[in-house]
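So for the sequence shown, UniProt numbering puts the first residue at 1; every next one is plus one. All C-beta atoms, glycine included, are put in the ideal place defined by N, C-alpha and C. Notes follow the structure.
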Amino acid sequence: MKTLVAAMVLAVIFATAAAQAGTVSGSSSTGSIPVKLHFDAADLSFDKYSGYDLISVPGCRFTREIGKPALPAKSVFVAMPANSELTGIEVVSCRTKTLSGEYMILPAQPPIPTMAGAAAGFVPPGSVYDSSDMYPGDVCGGASVGSLRGYKILSFRVFPIQYNPVEQRLILYEEIILDVRYETPRYVTADVDGAGDGDDMNGVGTTGREDDEFYHIATGLVANPDDISRAMPTTRAIAEDRIRSLSKSTLPDGNAEYVIITNGLLEDEFQRLADWKTKKGVPATIVNTSWIESSYSGTGVDMQEMVRNFINDAYMAWGVKWVLLGGDTDIIPCRGGYGWVNGSAALTEESYEDKAIPADLYYSDLDGTWDANGNLTYGEVNDSVDLYPDVFVGRAPVDSVAEARTFVNKTLRYEKNPPPNYTRDILFLAEYLDADTDGADTKDMIEADCMLESFSLVKLYERYGNLGKGSAMGELNRGCNIVNHIGHGWHTTAFS
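Pasting the structure below:
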């Protein structure tokens, strides 16, 4: 992932793309994509927090540099032409408006864990509050480029409000016009099907269809949906690690869109699900973990990497869209991802690392290796992880034939004869987290921010006295599409 910082003035930021291996062809050209953003002063919300001002803009989150002003930041996604390289983001023009009044903007605070004993320690304003320089200063920044099942997506953040801490003055950028600049250099293709024509369209190339699920995801994500077709390569452009994996695989011919990975013990139960998927028009197949371990021996450092290499090959050769991991982590191990926690943010004395955060996204985001520096710590910032999925991955966390049978039976019941309107049914469960913290308060925020009028919401909250094992199981058995719970794994809970 290439990280860039965009200048506020008419300046261009540059990035260098990593080289790829394969057959080189084509010539370079340049181009640009205009991006126009509008922010209306009438849409701003002004709140007070501990005597400080907090300004909210619809569609924006807040900057998170602790001790510095918490200001709105909008994530912007742009579809870029396939095989192009980002060369810069130019701020073409801006229309601004100084907001009336003086504001003491709240300094960004560390996240507070929702756990017993956690207390909010207020972080006072830092040295930036003694400066008359505008903050954040840049209109946009934090650019990175990733791949969503072959669609090339640029993401960056825009800061619609600038703040002068000394003068306590706010400037709203009512209109921002940007130019995303790129060049299309010589690119790399891999002759996957052996035809020698570079036209490998039965896998990733088919995802440019307008009836494809990833097409709709990409179209709904980007600011320039009319350009989305240009973001999908017409030939197979793949990275060196994929070419290496393909050269060693013994993947049979096939066209499965849905793959279930499981072991021999559970295979018969999951075969019923595969048969149903195929019958309803989604070609499905079962792949045994023993076959993967045998066929991909030597292609990875552990079982996780071998499974991922298989999924990668199935994606490239078959056009697989859905992968079900048929088993708990003792059957199909999860990849442990990296996370670093600042001590003050975690309310501990020292910062710490966690290298084993369970991350099945490892099986979904197929770009790169998740370990670019080769130190066997996966998902670090410098490991070039773009976090865009290339296939849909789910897990059936079952350990026995009985559990697998129950999972398949329930899945088939929902697909063949679902409860009426269950896709709109949502269940919230909330416990007291401690004497001073009610988890239902978090649920109230989710309801206010995320619920549509068409949703049917059931609330089982400890504060209402209606939360218990019986009531929760009754609602689950009645059928609901989304279950959202907040609580603790104590030895005594509202479910006891």
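Point to revise | Closest residue to residue 499 among 285, 277, 251 (Cα-Cα distance) | key: No statement about residue 499 is possible, as the shown extent of the chain runs from 1 to 496 and does not include it.
Review point. Does the separation of the CB atoms of residue 360 and residue 385 fall below 8 Å?
Key: Counting from 1 along the sequence shown, the entry for residue 360 is found at position 360. Counting from 1 along the sequence shown, the entry for residue 385 is found at position 385. Taking 8 Å as the Cβ cut-off, residue 360 and residue 385 do not qualify as a contacting pair.
Review point. Alpha helix (DSSP H) containing residue 318: first to last residue?
Key: Taking the first residue of the sequence shown as position 1, residue 318 is located at position 318. Annotation: the continuous alpha helix (DSSP H) that includes residue 318 extends over 303-318.
Review point. If you drop the 5 nearest sequence neighbours on each side, which residues of the same chain put their C-beta closer than 8 Å to that of residue 183?
Key: Residue 183 sits at position 183 when you count from the first residue of the sequence shown. The residues are 28, 29, 30, 31, 84, 85, 87.
Practice item. If I'm right that residue 391 touches residue 321 with Cβ under 8 Å, what's the distance once you round it to whole angstroms? Key: Taking the first residue of the sequence shown as 1, we reach residue 391 at position 391. Taking the first residue of the sequence shown as 1, we reach residue 321 at position 321. Between residue 391 and residue 321, the beta carbon gap of about 6 Å places them in contact (Cβ cut-off 8 Å).
Review point. What residues match up with residue 425 in a beta bridge as DSSP calls it?
Key: To locate residue 425, count along the sequence shown from 1; it is residue 425. DSSP output for residue 425 lists 456 as bridge partner(s).
Check your understanding: From this set, 102, 143, 66, 432, which residue's C-alpha is nearest residue 126's C-alpha?
Key -> Walking along the sequence shown from the start, residue 126 turns up at place 126. The option with the nearest alpha carbon to residue 126 is 66.
Practice item. Please report how far the alpha carbon of residue 224 lies from the alpha carbon of residue 271, in whole angstroms. Key: As a first step, residue 224 must be located in the sequence shown, where it is residue number 224. As a first step, residue 271 must be located in the sequence shown, where it is residue number 271. Residue 224 and residue 271 have their C-alpha atoms spaced approximately 42 Å apart.
Check your understanding: What's the C-alpha gap between residue 80 and residue 97?
Key -> Translated into the one-based positions of the sequence shown, residue 80 becomes position 80. Translated into the one-based positions of the sequence shown, residue 97 becomes position 97. About 31 Å.
Practice item. Mark residue 78 as exposed unless 16 or more other C-beta atoms lie within 10 angstroms of its C-beta, in which case mark it buried. Key: As a first step, residue 78 is located in the sequence shown; it is residue number 78 there, counting from the start. When all chains shown are included, residue 78 counts as buried.
Check your understanding: For residue 459, which option in 328, 429, 124 has the closest C-alpha, if you only look at C-alpha atoms?
Key -> As a first step, residue 459 is located in the sequence shown; it is residue number 459 there, counting from the start. The closest CA to that of residue 459, considering only 328, 429, 124, is found on 429.
Exercise for review: Just mark residue 525 as buried or exposed, buried being the case when its beta carbon has 16 or more other beta carbons within 10 Å.
Suggested key: It is not possible to answer for residue 525, since the shown part of the chain is limited to 1 through 496.
Practice item. Take the Cβ of residue 312 as the centre, count every other Cβ of all protein chains shown within 10 Å, and call the residue buried at 16 or more, exposed below. Key: Reading the sequence shown from its first residue, position 312 is the one you call residue 312. Residue 312 should be labelled buried.
Check your understanding: How about residue 339 and residue 357: do their beta carbons lie closer than 8 Å?
Key -> For the purposes of this step, residue 339 is taken as residue 339 along the sequence shown, with counting starting at 1. For the purposes of this step, residue 357 is taken as residue 357 along the sequence shown, with counting starting at 1. Result yes, Cβ atoms of residue 339 and residue 357 sit closer than 8 Å.
Check your understanding: Given that a residue counts as buried once 16 or more other Cβ atoms are within 10 Å of its Cβ, and exposed if not, what is residue 505?
Key -> In this structure the chain extends from 1 to 496, so residue 505 is not present and cannot be described.
Review point. Which residue's Cα is closest to the Cα of residue 51: 93, 297, 124, 57?
Key: Indexing the sequence shown from 1 puts residue 51 at position 51. 124 is the residue among 93, 297, 124, 57 whose C-alpha sits nearest the C-alpha of residue 51.
Point to revise | For residue 170 and residue 55, believed in contact at Cβ under 8 Å, the rounded distance | key: For this step, residue 55 is matched to residue 55 along the sequence shown. For this step, residue 170 is matched to residue 170 along the sequence shown. With a beta-carbon spacing of about 7 Å, residue 55 and residue 170 fall inside the 8 Å limit used to define contacts.
**Study point:** Continuous alpha helix (DSSP H) stretch holding residue 275: start and end
**Key:** Sequence index remark: in the sequence shown, residue 275 carries index 275 (1-based). Residue 275 -> alpha helix (DSSP H) spans 267-279.
Point to revise | Assigned exposure category for residue 315 - 16 Cβ within 10 Å defines buried | key: Numbered from 1 along the sequence shown, position 315 holds the residue referred to as residue 315. Label assigned to residue 315: buried.
Check your understanding: Mapping DSSP to helix, strand and coil, what is residue 90?
Key -> Indexing the sequence shown from 1 puts residue 90 at position 90. The answer is strand: DSSP assigns residue 90 an E or B state.
Point to revise | Spatial neighbours of residue 177 in its chain, beta-carbon cut-off 6 Å, leaving aside the 5 residues before and after | key: Residue numbering aside, residue 177 sits at position 177 when the sequence shown is read from its first letter. Excluding residues within five positions, the ones whose Cβ falls inside 6 Å are 36, 92, 93.
Review point. When we look at the beta-carbon of residue 421 and count the other beta-carbons within 10 Å, is it buried (16 or more) or exposed?
Key: As a first step, residue 421 must be located in the sequence shown, where it is residue number 421. Label assigned to residue 421: exposed.
Review point. Among 164, 59, 135, which has the Cα closest to the Cα of residue 101?
Key: On the sequence shown, position 101 is the one that residue 101 refers to. Looking at the Cα atoms, 164 is the closest of the given residues.
Check your understanding: So, is residue 364 buried or exposed, given that buried needs 16 or more other C-beta atoms within 10 angstroms?
Key -> On the sequence shown, position 364 is the one that residue 364 refers to. Buried, since its Cβ has 16 or more Cβ neighbours within 10 Å.
Review point. Relative to the alpha-carbon of residue 252, which residue among 381, 262, 287, 493 has its alpha-carbon at the smallest distance?
Key: Here residue 252 refers to the residue found at position 252 when the sequence shown is read from its first residue. Of 381, 262, 287, 493, the residue nearest in Cα terms is 287.
Review point. Can you find a heavy atom of the ligand GDP that lies under 7 Å from the Cβ of residue 322?
Key: Ligands are entirely absent from the displayed structure, and the ligand GDP is therefore not among its contents.
Exercise for review: Assess, as a yes-or-no matter, whether the region 447-466 is touched by the region 402-412 under the definition of 3 or more beta carbon pairs within less than 8 Å.
Suggested key: By the Cβ rule, the region 402-412 does not count as touching the region 447-466, because fewer than three pairs are nearer than 8 Å.
Practice item. With DSSP collapsed to three states, give me the class of residue 407. Key: As a first step, residue 407 must be located in the sequence shown, where it is residue number 407. Correct three-state label for residue 407: helix.
Exercise for review: State the start and end residues of the unbroken beta strand (DSSP E) segment that holds residue 105.
Suggested key: Reading the sequence shown from its first residue, position 105 is the one you call residue 105. Counting along the chain, residue 105 falls outside any beta strand (DSSP E), and DSSP gives it neither H nor E.
Exercise for review: Return the CA-CA distance between residue 354 and residue 382, expressed in angstroms with no decimal places.
Suggested key: As a first step, residue 354 is located in the sequence shown; it is residue number 354 there, counting from the start. As a first step, residue 382 is located in the sequence shown; it is residue number 382 there, counting from the start. Inter-residue distance for residue 354 and residue 382 is about 16 Å (C-alpha atoms, whole angstroms).
Review point. For the alpha helix (DSSP H) that contains residue 474, what are its first and last residues?
Key: Against the sequence shown, residue 474 aligns to sequence position 474. For residue 474, the enclosing alpha helix (DSSP H) begins and ends at 469-478.
Exercise for review: Measure the C-alpha to C-alpha separation of residue 310 and residue 389 and round it to an integer number of angstroms.
Suggested key: Position 310 of the sequence shown, counted from the start, is the residue given in the question as residue 310. Position 389 of the sequence shown, counted from the start, is the residue given in the question as residue 389. Residue 310 and residue 389: Cα-Cα distance of roughly 16 Å.
Review point. To the nearest angstrom, how far is it from the Cα of residue 469 to the Cα of residue 419?
Key: The residue given as residue 469 occupies position 469 in the sequence shown. The residue given as residue 419 occupies position 419 in the sequence shown. Distance between the alpha carbons of residue 469 and residue 419 is about 22 Å.
Review point. Would you report the Cα separation of residue 425 and residue 326, rounded to the nearest angstrom?
Key: Stepping through the sequence shown from its first residue, residue 425 is reached at position 425. Stepping through the sequence shown from its first residue, residue 326 is reached at position 326. Pairing residue 425 with residue 326, the inter-Cα distance amounts to about 26 Å.
Check your understanding: Roughly how many angstroms separate the alpha carbons of residue 195 and residue 318, rounded to a whole number?
Key -> Mapped onto the sequence shown, residue 195 falls at position 195. Mapped onto the sequence shown, residue 318 falls at position 318. With a pLDDT of only 39 at residue 195, under the threshold of 50, the placement of this residue in the model should not be trusted; the figure read from the coordinates follows. When rounded, the separation of the alpha-carbon atoms in residue 195 and residue 318 is 16 Å.
Practice item. Go ahead and pull the three-state DSSP assignment for residue 447. Key: The count along the sequence shown starts at 1 and reaches residue 447 at position 447. In the three-state reduction of the DSSP assignment, residue 447 falls in the helix class, which pools H, G and I.
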